[in-house]
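What follows is one structure encoded as structure tokens, with my remarks underneath.
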Amino acid sequence: MNNEKHGTIIKVSGHMVVAKDMQDSKMYDMVEVGNLRLLGEIIRLDKDKAYIQVYDDTTGLSSGELVYPTFNPLIVELGPGLLGNIFDGVQRPLEKIELMSKNFISRGIKMNALSREKKWYFIPNVISGDMVEPGDVLGEIKEKKNIIHKVLVPVDTYGKVAKAEEGEYTLEEEVVFLEDGTKIKMYQKWPVKIPRRVKEKLGFGRPFVTGQRVFDCLFPVAEGGSASIPGGFGTGKTVTEQTLAKYSEADIIVYIGCGERGNEITDVLHEFPELSDPKGEGILMDRTILIVNTSNMPVAAREASIYTGVTIAEYYRDMGYKVALMADSISRWAEALREISSRLEEMPGEEGYPTYLSTRLSNFFERSGRVSCLGSKERIGSLTIVGAVSPPGGDFSEPVTQSAMRVSGAFWALDSSLASRRHFPAINWHRSYTLYFPLLRDWLNSRINPDWEKNREKVVMILQKEAQLQEVVQLVGPDNLQDEERLVLEISKMVRDDFLAQNAMDSIDATTSLEKQFAMLDNLLFFYEECKKVIQEGVSIQEILDLPLREDLSRQKSIPEEEFVEKTHFLKKEIIDKLDKIQKYSKVTI
Amino acid sequence: MSLLTKEYSRVKYISGPLIIVNYIPELCYGSIVEISNKTGEIRHGQVLEVSEEYAVIQVFEHTLGLDIEKTFISLLENEATLGVTKDLVGRILSGSGKPIDGFGEIIPDIYLPISGQVMNPTSRERPSDFIQTGISTIDGFNTLVRGQKLPIFSGAGLPADEIASQIVKQAKVLGEDPHFLVVFAGMGITQREANFFINYFEESGSLNKVVTLLNLASDPTIERILTPRCALTIAEYLAFHLNYHVLVILTDITNYCQALREVGAAREEIPGRRGYPGYMYTDLATIYERAGRIKEKDGSVTLIPILTMPDDDVTHPIADLTGYITEGQIVLSRKLYRNGIYPPIDVLPSLSRLMNNGIGKGKTREDHRQLVNQLYSCYAEGCEIRKLVAIVGEEALNDSDRRYLKFAQAFEEKMINQRDTNREIGETLKLCWKLLSIIPKSELTRINKDLISRYFVEIMEDGVESPFL
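Chains as they are written, first to last, in this note's numbering: chain A, 308 to 897; chain B, 1403 to 1871.
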């Protein structure tokens, strides 16, 4: 008979299983359920009864089958081999599962997240006699072409190094020995629901550069900050998230596909390995980790996927990297929470979501930050979180959007009317906001251009004015506006179409450096100011609109970065020349 | 029924479609049971919950005539399965996959669980083969590709069925001999709709390429929950075992969701929006996500679900959740339909997310993407101006605005309103350029200058006025 300690199933209802004789188990312990040994997590204890959410389909389970406790919470493996890999919500490696169970995922598969066979070349940073404390770098591994994986001292481990030798090791071999007998391997384990420790959370000081003009210019997020992107279906959440993953200035990307489409992941898998890394040689996939739990995969694992992702992201942050985490979508995660909560028959809060929704959500978003990492040497890492939100019916008043809005520092609202006219990224400039700009102002003004802030204010004002004028136009028609007002409408149209809209599919337009962003906008504003002058001199707006200048300005986005400095200069001169000409001409005719 | 199967009479509670029975050892979560009463009538049900004291069974048929004492339960199988074979093609089946056309039983090659398994995301092949449907608003503007799931959002009284059948008739992949089959599943549809499809398939000579599953409005509601799953199980078998390209049409998802709500209410679950269960997203996903392609396999499952938006409301949970799962949507417009435009597809809210994979150089044409972007933007502008005209009158417009207004008009009349003609993609793109001639060339900023000079000239000589002005 089986000697393993076990409980017995007394009830199965969907993903929820209740088992008795579970008195030794703790909350959030992992268990193996039934003859198939499906993975599950304890989410409620009631005397000797444990309520378990199962991470697999429970079809075929029956009361009387056994439950085997592991006495450990859900943990992830952190070590070399994470990069370039693709995992499900509970860190099972999907590519290896494919080798084992072909094209469809069969139930109850258990597998180490990281390969135990692969050998890594370990170069120690310490020599015997060194004192080490948690977070110290023991040695380095070249994980990918451009990425050095740092082996860190696990928490609660202090001591004097006895031995550390360079060489090839598998993950199960110890690489560093301490004098007190502690042996350290190249990987560690960490419970996903607990944030990894840091020395100190630091303030924000520099932007998280995305290469997207509407974000960097109007609604920047700080490195280590958090942003949420809410939008109804078809507004381009996923494309925006993927564009950010591709072009933003981060060393490591963790991309969580949480309850979304399988084919989207195929897109990522298809594109990322082909995209050369904008940050140097190699491919983008080499610094990306994918966590995938598609909408048809079990709900409980979807709930876990967010935590799995953020823990892995924190691990790389602890090495001192700039990490960006993209979660698509937070709403699907919240729905998983709701489903589990309703199976537990908890009292529902707003729209059936559990009352602890906003607590959990803020716990997740607060795991972002710019931090001083653990360890005796100073090391700064950052984790920026961008979460997509899918509000039902595109209605932002629903609980998930509202909770995300409260905790994230930048709010990038997607708009379906912009999307339907194919203005992408469909960010509504009136509804979006950022709380980070005051913190980033100095950096932008001093590093990019002293006029950055001024220009940003100007463009916001133009867009604001346009909104007001549009209301007037709705009543009296555009022809009844003054020329100066019509100019505002024309300029804001140019700002919208030629600056804020950005084509993610175009090789040049997909990403724009801060310098080019500034110059593009500066030219547009310069054009505006110059036009204003000549209009005051009596030139009609139609004459200005007939100039080819407008087209030149709108094609600024297709000028490659290298040629930009020269061409913008030329453009400004053109503006002055051409406007001068019509002004003289109109004076003559008068 | 096998003689070895044990029968139990342990029913203790019946309500709506649910039966609760005392503990039966063989039952497990998801098992399929046979239910018989004293008249010998056989029904089927599925176990929704088991515990050491009782089990909850959901009956697929009605519970009329069942009583506590003389109702017998026996285990049929541990998991709902369906016998599938190539011979299903050309047959008409019930909503749970049994032949009802009077041509006898089928002999299955294999039994497959109808709930299917999750396709490993890493095994998926990127859908990228352009399917030409012959409908400009789809081919040109919301391109369908093999392995995509693209629903039609319809309203009561709009011709979604006609459009779907037109797609079935005309769909082809350019330059390929189609190894092409259709699985059609009607859920809660009326006899009239069912006849429409069957007649259409017969007349167009495609009936021998179609597997038809029918759960009519008069059939048991709960069976509706099985119908799409059976249809997709057949489709997956044809696609991934026998290498066919399968187009699955599911109509009407609205009826399916209502059945789901009915079961949820009977189980006294906490309802979500508009009374639909909170897990509806996940449930729909387990249907829609079965579309796709698999690496190194020739077959594919392309899915076109049709749903009726209650009160034409696109934010209704059924349309909303569907839109979040599927790869785009084709939205029908009552306004266009009233104006006599057919097919009344409104391109602005419509979308195909996989379009970029299926178009461009080597697939359709290099100018396709930019061209369509430009048309979208011009049409949206035209529609905006149309709203404005309603308030301030056409006199208040300037020349440029008038051109956009004309463009919108011409777009609807020439491009959308193609009636039931079958348009090649080349024709569609040609028409696009022609329509663009209404707009001043300098405002075509979404298209590369190169492309403009290459393709525009083909249509129009410089300086000639647009034929649509």
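Just so you know, even glycine gets a beta-carbon here, dropped at the ideal spot from N, CA and C.
Proximal residues of chain B, C-beta to C-beta of residue i below 9 angstroms
i	result
Gln781/A	Lys1789, Leu1790, Ile1793 and Val1794
Pro785/A	Leu1790, Val1794, Ala1798, Leu1799, Asn1800 and Asp1803
Asp804/A	Ser1779, Thr1847 and Arg1848
Thr366/A	Cys1430, Tyr1431, Gly1432, Ser1433, Asn1480, Glu1481, Ala1482, Pro1515 and Ser1517
Residues that residue i bridges to, as DSSP identifies them
i	result
Cys524/A	The partner list for Cys524/A (beta bridge, DSSP) is empty, contrary to what the question assumes.
Glu1454/B	Looking at the DSSP assignment, Glu1454/B forms no beta bridge with any residue, so it has no partner.
Glu475/A	Tyr428/A
Asp635/A	Gly564/A
Glu1527/B	Arg1695/B
Lys901/A	The requested residue 901/A is not part of the displayed model; chain A covers only 308 to 897.
Phe871/A	Per DSSP, none; premise fails for Phe871/A.
Ala357/A	Ala326/A and Leu352/A
Asp336/A	Pro380/A
Asp268/A	There is no way to answer for residue 268/A, as the model of chain A reaches only from 308 to 897.
Ser1498/B	In the DSSP output, where bridge partners are listed per residue, Ser1498/B has none listed.
Tyr1513/B	Gly1485/B
Tyr375/A	Glu339/A
Neighbour list for residue i in chain A, Cβ cutoff strictly below 9 angstroms
i	result
Ile1717/B	It should be pointed out that residue 1717/B corresponds to Thr in this sequence rather than to Ile. The answer, in chain order, is Gly539, Pro699, Gly700, Gly701 and Asp702.
Arg1771/B	Met812
Arg1675/B	Glu658, Gly659, Pro699 and Gly700
Nearest candidate by alpha-carbon position, reference residue i, set the options
i	options	result
Val516/A	Arg667/A, Phe526/A, Leu509/A and Glu507/A	Phe526/A
Ser1496/B	Gly1828/B, Thr1614/B, Ser1538/B and Glu1455/B	Thr1614/B
Ile1706/B	Glu1507/B, Val1449/B and Val1584/B	Val1584/B
Gln1460/B	His1770/B, Ser1411/B, Glu1443/B and Pro1622/B	Pro1622/B
His1647/B	Ser1702/B, Ala1596/B, Ile1818/B and Glu1671/B	Ser1702/B
Ile769/A	Asp749/A, Glu792/A, Val575/A and Gln781/A	Glu792/A
Lys496/A	Tyr622/A, Gly538/A, Asp859/A and Arg513/A	Tyr622/A
Ile559/A	Arg568/A, Leu632/A, Gln549/A and Phe579/A	Leu632/A
Leu1616/B	Pro1751/B, Tyr1778/B and Phe1598/B	Phe1598/B
Ala641/A	Tyr1683/B, Ser1844/B, Ile1672/B and Ile1516/B	Tyr1683/B
Pro1546/B	Ala1693/B, Ala1721/B and Ser1802/B	Reading off the sequence, residue 1546/B comes out as Leu, not Pro. The option with the nearest alpha carbon to Leu1546/B is Ala1693/B.
Lys1808/B	Phe1870/B, Arg1821/B and Ile1793/B	Phe1870/B
Lys506/A	Gly415/A, Leu681/A and Pro605/A	Leu681/A
Leu1662/B	Glu1471/B, Ala1798/B, Asn1601/B and Leu1686/B	Leu1686/B
Ala808/A	Leu794/A, Gln824/A and Leu796/A	Gln824/A
Arg639/A	Lys1697/B, Tyr1726/B and Leu1738/B	Tyr1726/B
Proximal residues of chain A, C-beta to C-beta of residue i below 8 angstroms
i	result
Gly1680/B	Glu642, Arg645, Glu646, Ser649 and Gly659
Tyr1683/B	Gly566, Ser602, Arg639 and Glu642
Ala1687/B	Gly566, Thr601, Ser602 and Asn603
Ser1844/B	Pro855, Arg857 and Glu858
Chain-ordered neighbours of residue i on chain B, where CB pairs are closer than 7 angstroms
i	result
Phe411/A	Gln1519, Val1520, Met1521 and Asn1522
Asp574/A	Arg1528
Contacts of residue i in chain B (Cβ-Cβ under 8 angstroms)
i	result
Lys318/A	Glu1451, Val1452, Ser1453 and Glu1454
> Going along the chain, which unbroken runs of the beta strand (DSSP E) with 3 or more residues stay wholly within the region 806-864 of chain A?
Replying inline: none
> Given a limit of 7 angstroms on CB to CB distance, which residues of the region 635-649 of chain A reach chain B?
Replying inline: Glu642, Arg645, Glu646 and Ser649
> Which full runs of the beta strand (DSSP E) of 3+ residues lie inside the region 520-595 of chain A, going along the chain?
Replying inline: 533-537 and 559-565
> Where are the alpha helix (DSSP H) runs, 4 residues long or more, that stay fully inside the region 729-790 of chain A, in chain order?
Replying inline: 744-754 and 759-783
>> For a minimum of 3 consecutive residues, which ranges assigned as the beta strand (DSSP E) are wholly contained in the region 677-729 of chain A?
In response: 687-696
>> Ignoring anything shorter than 3 residues, give me the beta strand (DSSP E) runs that lie fully in the region 1578-1641 of chain B, in order along the chain.
In response: 1582-1591 and 1612-1618
>> So within the region 395-448 of chain A, which uninterrupted alpha helix (DSSP H) runs reach at least 4 residues, ignoring any that extend past its ends?
In response: 401-408
>> Restricting to runs no shorter than 4 residues, where is the alpha helix (DSSP H) found entirely within the region 601-625 of chain A?
In response: 606-625
> When Cβ atoms are compared, which residues of the region 1520-1534 of chain B fall closer than 8 angstroms to chain A?
Replying inline: Val1520, Met1521, Asn1522, Pro1523, Thr1524, Ser1525, Arg1526, Glu1527, Arg1528 and Pro1529
> Which residues, in chain order, does the region 599-626 of chain A contribute to contact with chain B at a C-beta distance below 7 angstroms?
Replying inline: Val599, Thr601, Ser602, Asn603, Met604 and Val606
>> Quick check for students: name the residue ranges of the beta strand (DSSP E) that lie wholly in the region 1421-1492 of chain B, counting only runs of 3 or more.
In response: 1434-1438, 1444-1453, 1456-1461, 1474-1479 and 1483-1486
> What are the complete alpha helix (DSSP H) segments, minimum 4 residues, inside the region 1536-1576 of chain B?
Replying inline: 1538-1541 and 1562-1572
> What alpha helix (DSSP H) runs, 4 residues minimum, are completely inside the region 1819-1860 of chain B?
Replying inline: 1827-1838
> Using Cβ-Cβ distances below 7 angstroms, what residues of the region 325-344 of chain A are close to chain B?
Replying inline: none
>> Ignoring anything shorter than 3 residues, give me the beta strand (DSSP E) runs that lie fully in the region 1736-1799 of chain B, in order along the chain.
In response: 1747-1754
>> At a CB distance below 7 angstroms, what residues from the region 1442-1467 of chain B approach chain A? Give them in sequence order.
In response: Glu1451, Val1452, Ser1453 and Glu1454
> Just by C-beta distance, which residues in the region 382-416 of chain A are closer than 9 angstroms to chain B?
Replying inline: Ile393, Asp395, Leu401, Glu402, Ile404, Glu405, Ser408, Lys409, Asn410, Phe411, Ile412, Ser413 and Arg414
> Of all the residues that make up the region 1724-1745 of chain B, which are near chain A by a beta-carbon distance shorter than 9 angstroms?
Replying inline: Thr1724, Gly1725, Tyr1726, Ile1727, Thr1728, Glu1729, Gly1730 and Gln1731
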